[in-house]
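Let me begin by presenting the structure, written as structure tokens, before commenting on it.
In UniProt numbering, the protein residues as written are 1 to 110.
Next comes the structure, spelled out in structure tokens:
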């Protein structure tokens, strides 16, 4: 994870960036975010504002309300939960199909 952040710093420099973290419930989104114990990560002059969006089925329909403000998407996948990989794929396709998805606006996804 440290290598990812270092690479992002080199690419995006001293700015503020908005990031959404999506994935099914229990995929590990909050665990990733709490590795930093904050929702705003500041590394040198680069600021990342992070939103950990709930992955329960009832909450997934709200993800698209965050797309227009997000510059990055981190999709967390629990590769050990093979039963739900198809559901994860379906949610990714929904994101790709949304007209203001960060992915359709040329924004990076990890």
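Think of the CB as a built atom: it goes at the ideal place given N, C-alpha and C, for glycine as much as any other residue.
- DSSP, read as helix, strand or coil, puts residue 43 in strand.
- Look at residue 64 here: in three-state DSSP terms it is helix.
- Between residue 93 and residue 21, the alpha-carbon positions lie close to 16 angstroms from each other.
- The bridge partners DSSP lists for residue 52 are 21.
- The Cβ atoms of residue 66 and residue 53 sit closer than 8 angstroms to each other.
- If you draw a straight line from the Cα of residue 80 to the Cα of residue 45, it comes to about 36 angstroms.
- In this structure residue 47 is in contact with residue 16, their Cβ atoms being roughly 4 angstroms apart against a cut-off of 8 angstroms.
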